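*Asks:* In terms of the UniProt record's numbering, the sequence shown has 109 at position 109, counting the first letter as 1, and numbering is strictly consecutive.
Note that CB positions come from ideal geometry on N, CA and C, so glycine has one too.
All values derive from a computational prediction rather than experimental measurement.
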Amino acid sequence: MITLNNIAKTYYQGKLAVPILHGISLTIQSGEFVSIMGPSGSGKSTLMNIIGCLDRPTEGEYMLNDVNILTADESKLALIRNEYIGFVFQHFNLLPRLSAVENVELPLVYGGVKKAERRKRALEALGKVGLAD
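#1: Is the distance from the Cβ of Ser-30 to the Cβ of Met-1 below 8 Å?
#2: Out of Ile-85, Glu-74 and Val-129, point me to the one whose CA is closest to Val-101's CA.
#3: Roughly how far, in whole angstroms, is the beta-carbon of Ile-50 from the beta-carbon of Ile-7, given that I think they are within contact range, below 8 Å?
#4: Return the bridge partner residues of Lys-9 from the DSSP annotation.
#5: Whole-angstrom Cβ separation of Gly-38 and Ile-20, contact assumed at under 8 Å?
#6: Quick one: Cα of Ala-132 to Cα of Leu-106, how far?
#7: To the nearest angstrom, report how far apart Ser-99 and Arg-119 are at their CA atoms.
#8: Taking only the alpha-carbon atoms, compute the straight-line gap between Ala-122 and Leu-108 and give it to the nearest angstrom.
#9: Glu-74 lies in the alpha helix (DSSP H); which residues open and close that run?
#10: If you draw a straight line from the C-alpha of Tyr-62 to the C-alpha of Val-88, how long is it?
#11: Considering only the beta carbon of each residue, do Leu-54 and Leu-26 sit closer than 8 Å?
#12: Go ahead and pull the three-state DSSP assignment for Leu-70.
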């Protein structure tokens, strides 16, 4: 479950404070689907980066499955992202030095999956979308 309470995010351009989010509160239950919509520049990407543990809010509270995200260290956040969070990016975000199968395998490396099993799963996934060859 995701719980955000009074989330705010402010960026700084030099000494100028640029508030992006203010007073965002929501709860997302496990298995629930949610859409975040709004015009360009309204803070959707910033909110998604916070929910995805890629960025931290300036103010507020964020709990993900009973873990306080604001006090979690980077190592804990990496484990949380690997176990609980999936991303579908607008752009490919592939590592150019890796092959397609190696890019697909990468999250499994961090998940501790053995090499042979990683390769098998990655090839199956690529096959399902017509990219096995």
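*Replies:* Reading off the structure:
#1: Locating residue 30 in the sequence shown gives position 30, counting from the first residue. Locating residue 1 in the sequence shown gives position 1, counting from the first residue. Taking 8 Å as the Cβ cut-off, Ser-30 and Met-1 qualify as a contacting pair.
#2: Here residue 101 is taken as the residue at index 101 of the sequence shown, counted from 1. Comparing Cα-Cα distances from Val-101 to each of Ile-85, Glu-74 and Val-129, the minimum goes to Val-129.
#3: Here the question's residue 50 lines up with position 50 in the sequence shown. Here the question's residue 7 lines up with position 7 in the sequence shown. Confirmed, about 7 Å.
#4: Along the sequence shown, one-based indexing puts residue 9 at 9. Answer by DSSP bridge pairing, in chain order: Leu-21.
#5: The sequence position of residue 38 within the sequence shown is 38, counting from 1. The sequence position of residue 20 within the sequence shown is 20, counting from 1. That belief does not hold up - the Cβ atoms of Gly-38 and Ile-20 are roughly 12 Å apart, past 8 Å.
#6: What you label residue 132 is simply residue 132 of the sequence shown in a count that begins at 1. What you label residue 106 is simply residue 106 of the sequence shown in a count that begins at 1. Using only the alpha carbons, I get a separation of about 16 Å.
#7: Numbered from its first residue, the sequence shown carries residue 99 at position 99. Numbered from its first residue, the sequence shown carries residue 119 at position 119. Between Ser-99 and Arg-119, the C-alpha separation is close to 12 Å.
#8: As a working mapping, residue 122 is identified with position 122 in the sequence shown. As a working mapping, residue 108 is identified with position 108 in the sequence shown. So the two alpha carbons sit approximately 9 Å from each other.
#9: Counting from one through the sequence shown, the residue named residue 74 turns up at place 74. Here the alpha helix (DSSP H) through Glu-74 covers 74 to 84.
#10: As a position in the sequence shown, residue 62 is number 62, starting the count at 1. As a position in the sequence shown, residue 88 is number 88, starting the count at 1. Distance between the alpha carbons of Tyr-62 and Val-88 is about 21 Å.
#11: Here the question's residue 54 lines up with position 54 in the sequence shown. Here the question's residue 26 lines up with position 26 in the sequence shown. Contact flag unset, no.
#12: Taking the first residue of the sequence shown as position 1, residue 70 is located at position 70. It is coil, neither helix nor strand.
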